[in-house]
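Each remark here refers to the structure printed beneath this line.
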Amino acid sequence: MKYFKIFLILLFISLFFNKSFSADLYFVDIKQILNKSKAGKKAQDYLKKKFDEENDKLKKESIALKKQESDLISKKKLVSNDEYKKSLNLLREKNINYQKKRRDASNNWLKKKNEARSKLIQNLNPILTKYMNENNIEMIVDKKYVLLANSKFDLTEIILKILDKELKSIKLE
73 MKYFKIFLIL
83 LFISLFFNKS
93 FSADLYFVDI
103 KQILNKSKAG
113 KKAQDYLKKK
123 FDEENDKLKK
133 ESIALKKQES
143 DLISKKKLVS
153 NDEYKKSLNL
163 LREKNINYQK
173 KRRDASNNWL
183 KKKNEARSKL
193 IQNLNPILTK
203 YMNENNIEMI
213 VDKKYVLLAN
223 SKFDLTEIIL
233 KILDKELKSI
243 KLE
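Right, here's the structure in full:
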């Protein structure tokens, strides 16, 4: 009887530890979800359109500055030295402002891109939490942190479908 009790206790402990260490680890590809979801695609299209518009404006300004520079170089011998220096300083100032505009436009675009990503992730977190609770999943990890895994643990497509149903677009402005 004594051995039987010890055997039961050991059996219970081994089953408990075996169960606790055998939890399945699921993963999702966050990058794929952000790029392929309806809301993610709409955000990317919007940001690309804004980037292209700003880039076109900056190209036109760049062409105008180059034209002014070539005009100034061609007039160098025709104008006085003081007038040339004033025009040169004015052109340098315009060039500095142009560089600042380019830098600000780039930073602004990057900020909007990060904001869109953040909003999508904020909307994705409750979906992941709900899915975890409904399916008794203990942990979901981003795929970029997984070295090697069986594809049966990949929830990307399932989560992508749920996200597309629940979130059609995000507001960026």
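In the working numbering, the protein residues as written are 73 to 245. Ideal Cβ placement from N, Cα and C applies to all residues, glycine included. Note that the structure is a prediction, hence the values are computed from the model and not measured.
Point to revise | Selected residue, minimal CA-CA separation from Lys-132, among Asn-195, Gln-116, Ala-115, Arg-174 | key: Arg-174
Check your understanding: What span of residues does the alpha helix (DSSP H) with Phe-246 cover, start to end?
Key -> The question about residue 246 has no answer, for the chain in this structure spans 73 to 245.
Review point. Within the present structure, is the beta-carbon of Lys-183 separated from the nearest heavy atom of the ligand SAM by less than 6 Å?
Key: With respect to the ligand SAM, the structure offers nothing, as it holds no ligand at all.
Review point. Going by the CB atoms, is the gap between Ile-145 and Leu-232 shorter than 7 Å?
Key: no
Review point. When the Cβ atoms of the region 104-119 are set against those of the region 153-164, are three or more pairs found closer than 8 Å?
Key: no
Exercise for review: Specify whether the region 169-184 and the region 123-141 touch according to this definition: at least 3 beta carbon pairs, one from each stretch, less than 8 Å apart.
Suggested key: yes
Practice item. Output the boundary residues of the alpha helix (DSSP H) element that contains Ile-145. Key: 110-146
Practice item. Within 10 angstroms of the Cβ of Leu-220, are there 16 or more other Cβ atoms? Answer buried if so, exposed if not. Key: exposed
Exercise for review: Determine the extent of the beta strand (DSSP E) in which Asp-214 is found, giving its start and end residues.
Suggested key: 212-214
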